[in-house]
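Trainee: Quick note: the sequence shown, position 58, residue 97 per my numbering, numbers continuous.
Beta carbons: idealized from backbone N, C-alpha and C, even for Gly.
This is the structure, below, for whatever I ask next.
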Amino acid sequence: MTKRLLPVSGMDMERVFSKVGFVFIRQKGSHIVLSRGEEILIVPHHSPVEKGTERDLFKESGLIIEEFNRLL
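Below, the structure written as structure tokens:
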């Protein structure tokens, strides 16, 4: 498995976060709001999502890069 951040779209990120228990709440403009219990993630609906934003979303969700790449 690679630890590299792969360039992904917001839709790809939404799909992977859904696989780990996040649920779509709403979309306003170019941002998707996902929830898992008390956790809230706001995922940009851009293509590609910037690497810094990707890294922040991984930290917020507790997902590691290798697991994310496997679920893509």
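Can you give me the start and stop residues for the beta strand (DSSP E) that V55 sits inside?
Mentor: No beta strand (DSSP E) holds V55; the alpha helix (DSSP H) holding it covers G49 to K58.
Trainee: Roughly how many angstroms lie between the CA atoms of G68 and K42, to the nearest whole one?
Mentor: In a straight line, the C-alpha of G68 is about 31 Å away from that of K42.
Trainee: If you run the structure through DSSP and keep just helix, strand and coil, what is K42?
Mentor: Three-state DSSP puts K42 in coil, outside helix and strand.
Trainee: Measure the alpha-carbon distance for E99 versus L80 and round it to whole angstroms.
Mentor: Whole-angstrom Cα-Cα distance: 7 Å.
Trainee: State the start and end residues of the unbroken alpha helix (DSSP H) segment that holds E78.
Mentor: Segment E78 to P83 is the beta strand (DSSP E) holding E78; no alpha helix (DSSP H) there.
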